[in-house]
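Residue numbers (full-length UniProt numbering), protein chains in the order written: chain A, 1 to 324; chain B, 1 to 301; chain C, 1 to 526; chain D, 1 to 569.
Backbone N, C-alpha and C define an ideal beta-carbon position, used for all residues, glycine too.
Working notes for the structure below.
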């Protein structure tokens, strides 16, 4: 097991290095930061001088080495646009994105898992069939359309919920949290729903498929033949066995949450990393974009390591080696 | 793959599933309309001389101010909505299909290699897949677009906008195929018909292509369907974020992005007509994917 | 949020007092597309920054609601006698937000800061050869020639406290890393920067010690950038914000018809025009013309002007919000040529005739390059224009590019014809002549946005004369001559003046300035 | 007294082709302490009867007619709730595969306790005590501590004991055992069967023992019911039915069962004839195939010998520098197959039989050792070039006829492949003709060539596999458990075919099987393997009559067979 973890860790590091390289080389090619940093009346020599100062004329390899070296030292550089330290900018926006993502993921799990179980256990029921059809429609509507529809329904038309931004936050150290005051939740609920709906439908369909597989397995048949009460059968036998593949996929879905949080944050003007990233694209703010990419990969890697650990917790086959 | 469908049970199940039939019908109509767009559309949104600014912002025909010539109204440029949508669907489907095919080729190819050879080939392919997974599709699209922008001259890059976007979407989808193909290959590899072929000394490429591949097409076909839907949605999302196609090559996603500007202004049809169309298309494809999934999973039958 | 840590306790106390002193607290929330990227007035010369900072910092002079120059930190100014340059008499008794006193030393410091290598606004001081502090309240700028417009050109030259900047290590604008002035401000302006969360929220509170009187009743101004126009409008209509600029043209009717909201609409100073590659040897994007560039022929350029129906563009694409333009500046800007007010009429016949005369009876194809996120409905305008040009046989292959790549491509001469919007930074006709009409001259920093390098000896000759002429009458005549050349040669095809479309709640009273600067002090909430 | 009585049971499965009747008019009864065997080939409806009794018929099957009574309880009249309560309480079930019958995520203790608590009001502590006792009783040593283990921590045999304990823990009256020993090795099987017998005797539990294995029935069942196509063929006391079958079907069935104590020349297979190697008269296509196979002088038998072949599989990594000790699959195995003879290779699962086959065919690379084929050195695995002659000369017939043929290729393509691959026949038309001829030789109709594998039964597929092997014109044939997935009557046919082909073409055969009786029918010599080592080898009769190794003796002793004296009587 130790080896399993070490191996995963090594793989993670590899992934991080590769992403850092991609991040860097990618943004090496996006637009020209200098023309963004300067105003209308800056002369050509001034631009060239700035280019030189920023090291944009250095060889590619040198620029990359400088980039990774700085990253490792915790120096994420400075934004071309605001001149702020990128690390601080990302850190500032981090809580917003994490809270949004976590709440969306929770919505997707809290609703998706029971719905998946229900539709798996009553596959032929009218409710199940309608829920299934509904989720199909759910995965087929672009996230941004869902967001805009929610804004206009609950914000403009019913005027129940705020339409943009993140209010009612409470600061805990540097972490600004929406979760501690009802006001914060009012701002959070629409974006989280938007982001959660897509994940919800995915989770639900996945749980359903896995649950149906598990319900057909021999050990469930045996448990049925032993007269194990239905409730226990479904929740103590079928569900945990269902969760093993589901957890993997949820770990992988994290990428989806991040990707669609960019869209959601853009629609709701939610001040998270995704919005920062989009702004950075607009202004060709290369350092911010690169660091964002690295941070996302880092989270992905961490979440998937956590998933591996969760496996070990759930599955005794990984926990204990063959005895006897 | 085809003999699967050819078999009576496939057809029989199909006729028993109204959802699948409706979805298939809708898909056929939409794809047909998109294919035939140059012949059935009233105007060509790429040809500036076939529409006129004078006709701009006409509502659908049944509304006051509507013009029967433009059944679903016109946009701010005077383009017939139906024509725009047909051409848009054409582009969306083209991008979706091409992206899906590229992803299939790439993913299945790498998955086959990884599953068949194992060892370091497997390790390399799966690490690359990990990196790919760590970067959400939107970021991948940016990467490809960015590199293309850097490497290609501007004019060429503009020309290659569609291929570049297609490639970007394809690259964000291939992992799915690779993982599925790899898992299937690892199962198939130990089946005796493969062992027989290996034992006979057949070339690995032949074993993979002639023997294994046809046997793992079932699950791949399901992913192809689902990923076609994802690709179309992804294109729409990228276009919405403004990193997809420019407005002069209006895919469904671009049309929705343009329509978003008219959400409140009263010209709702510019937004909702293409949106409804996109959703109908994607829902249909997804229903078909679901149907195929059930078909290929004998245990679910 | 974070900024409060950096503030001194004394300042917090001032703020608290300010809050308590006001009878009815009026919180005013407003939104715009872009966040000012820095709070440093000399680091970035971009409209969102200067516009916002004019609420916090002040210049020697400022512009009133009609863009006319009026005294600000300088109470009076006059040309120097015996040499070229200007003398400014400074206002006495002005203090900064932190209590420090405003003196001529601050002007010197700010001048040196703004004219430094690191500054993005140093071009304003290109003509300045010497700066002198005469006494605590008098300063002199010596220029390399008579410079009648110098006071106008430094309306956005904002004065920073030398002591504050030195204490906090912000003596120079920062290029790569941020410095203290990036997120903090200490000006003499009517509002204090109370907190700043870049990209999210910036709060302003009234400065009790402000010298001026002309200030509305806002007790707290909260600015939020909202990038997505639909979201922004939704925020206004749901009542979460009081004011937003700009709103999309197509939503004007909707906001106007909604109870409790209004649209404030005016003309901006930006003229939208088409430019040509005058010095290109050949067309880049043509299927049928090679080895020559038809646009070098003035007749062809005039044909373009006649082919475009600006009125229809105005009616359909811009929904009647724009004013057709015939010059590089809109009416009302100083130097506008009344003598040449007309513009080529929409006349496709004439256009075809001109093309035939120029040797292109069937027209030709070429590449048109436009932005898609810079000007209002820029892409739609280009598409409309392209379809109109197609009518007369000019087959434009339209490419639209986000602005982040646009200038780069224009500088690389990657176009046959292009879209450009120009707003005269000095609100004088000399500005576009300098940047758009004069032959490219990198040394002298002239013609630097004249991408197609339109070159006319007479224009080049007239520009310095215009710059140095103190007599308004004579100056106007010279400008008229340049305009005449522009129109005769069809150096550019001006289309229209862009509108400014702001939206607010009904109970908000404010002043819209044509340069799209939003001044919080002109806001009164009823 | 009757514990379970089934009268006129009919089970139907509605399908789009109309209703399929899986079980029709079946009656049987089981008394307390009685083990009632239910025997029949696949598709006979054995398992369906079991499922109908316990009320777990797979969807959409239903009991159409008949009565099911457990003691006084009418099983068909029970509500779903009552039926579920009854399951585990009065009827339990044991499934075939102990690997998958237990919830992998739950300890054995938890599964036992939940089962007990589901049916009686018993405290956890008491339930646990009983569970421990029960495990001890059914032969799990150190049950007190082992009980808190997870299923994967038990070996296969132990796991099946746990399954039995779970079926037993509620003191049911009836246990339905559906192929309870099929997945187990001989030794474990014998123990489990003994356990079942003991439980029936000591606790008076009635068993419905469902199996395809006549030997198992003979060993433990009191009574037996023979099924075919959902109908009862014959029913009665085991000795009576098996020893003196009254019904033709039972008689044929018994004739197909290979005896372990003697070698039959051929199995008596009803209706065999029409095509096939034996009937390859000159006017049939088979004769063409036969001529082709014997042409070009490639008739000289070849021998194979292995010298000290060792195969190791790398162990799983446990740390950065450490690995588990490598698993030795073959440990210095030396054996030789005389030219033209059949060597039977016997051993339980995991003994290395199949690895040996893979080494010979070049799929697995040995760590050390030499091989030779027909006197020439036979390079191993990667050293054997793709076009090496041995690739063609050595052919293999696999165990699973459902996976050994590519489901996506039609039979013509499958059969033509070796001809094409080895360059034996460049012309596509003649390849096809030859394939058709070979089909005739193995006893399949000519139209088979255009069909796909899934259109054939297991036995037919195995014939196709044999035809494919022959079309390589092999000299050395490896048969890896070629009949273990087949019903016994089909097995008889295939074995007949193999015998014919072997003698006809002078093939050298390595015949691998876990089934001693089958090996006895075919092999000239026998080698016994255990844990990767060769235990003993020698002429067949000697091994079966006078085994030297203890292991061989145990195997022979524990294999359940029908006592010879039954037949005599």
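Taking a Cβ-Cβ threshold of 7 Å, the residues of chain B close to residue 361 of chain D are 199, in chain order. The Cβ atoms of residue 104 of chain B and residue 51 of chain B do not sit closer than 7 Å to each other. Each residue's CA atom was taken as its position, placing residue 72 of chain B and residue 65 of chain B some 12 Å apart. According to the DSSP assignment, residue 470 of chain D belongs to the alpha helix (DSSP H) that extends over 458 to 470. For residue 86 of chain A against residue 287 of chain A, the beta-carbon gap comes to about 5 Å, under 8 Å, which counts as contact. Interface residue (Cβ-Cβ distance to chain D less than 7 Å): residue 219 of chain A is classified as such. Among the residues of the segment 172 to 196 of chain B, those with a Cβ less than 7 Å away from any Cβ of chain D are 191, 192, 193, 195 and 196, in the order of the chain.
DSSP lists D:370 as the bridge partner or partners of residue 307 of chain D. The straight-line gap separating the alpha-carbon atoms of residue 310 of chain D and residue 331 of chain D is approximately 5 Å. Around the beta-carbon of residue 407 of chain C, 16 or more other beta-carbon atoms lie within 10 Å, marking it buried.
With fewer than 16 other CB atoms across the displayed protein chains lying within 10 angstroms of its CB, residue 55 of chain A is exposed.
Looking at the backbone, the Cα of residue 170 of chain D and that of residue 86 of chain D are separated by about 11 Å. Per DSSP, the unbroken beta strand (DSSP E) holding residue 178 of chain D starts and ends at 174 to 178.
The C-alpha of residue 535 of chain D is placed about 8 Å away from the C-alpha of residue 551 of chain D. Interface criterion not met: the Cβ of residue 327 of chain D is under 7 Å from no Cβ in chain B. Residue 395 of chain D sits in a strand when the DSSP states are folded into three classes. Three or more Cβ pairs drawn from the segment 321 to 337 of chain C and the segment 476 to 485 of chain C lie within less than 8 Å of each other, which places the two stretches in contact. The alpha-carbon of residue 94 of chain A is positioned some 20 Å away from that of residue 252 of chain A. Residue 65 of chain D places its beta carbon less than 7 Å from that of residue 10 of chain D. Annotation note: the segment 214 to 280 of chain D contains the following uninterrupted beta strand (DSSP E) runs of length 3 or greater, listed N- to C-terminal: 223 to 228 and 231 to 237. When the Cα atoms are used, residue 305 of chain C and residue 294 of chain C turn out to be separated by approximately 14 Å. Residue 175 of chain B and residue 115 of chain C have their C-alpha atoms some 54 Å from each other.
Taking residue 277 of chain B as the centre and dropping the five residues before and after it, the same chain places the C-beta of 85 closer than 6 Å to its C-beta, in chain order. Residue range 81 to 117 is occupied by the alpha helix (DSSP H) that includes residue 95 of chain B. Its Cα nearest to that of residue 152 of chain C, the residue C:64 stands out among C:412, C:64, C:368 and C:81.
One Cα belongs to residue 351 of chain C, the other to residue 106 of chain C, and the distance between them is close to 58 Å. For the segment 159 to 214 of chain C, the full-length alpha helix (DSSP H) segments reaching 4 residues or more read 162 to 167 and 180 to 183 along the chain. Excluding its 5 nearest sequence neighbours in each direction, residue 409 of chain C has C-beta neighbours in its own chain below 8 Å: 369, 401 and 415, listed in chain order. In the structure shown, the three-state DSSP call for residue 292 of chain D is helix. In the three-state reduction of the DSSP assignment, residue 169 of chain D falls in the coil class, being assigned neither a helical nor a strand state. Inclusion of residue 329 of chain C and residue 185 of chain C in the CB contact set at 7 Å is not warranted, their separation being larger than that value. In this structure residue 137 of chain B does not touch residue 281 of chain B by the C-beta definition: roughly 19 Å separates them, more than the 8 Å allowed. Any Cβ of chain A closer than 7 Å to the Cβ of residue 550 of chain D would place that residue at the interface, and such an atom is absent. Using a C-beta cut-off of 8 Å, the segment 523 to 539 of chain D makes contact with the segment 333 to 348 of chain D, since at least three inter-stretch Cβ pairs fall below that distance.
The C-beta of residue 456 of chain D comes no closer than 7 Å to any C-beta of chain B. Residues of the segment 230 to 250 of chain C that bring their beta carbon within less than 8 Å of a beta carbon in chain A comprise 230, 231, 232, 234, 235, 237, 238, 239 and 240, in sequence order.
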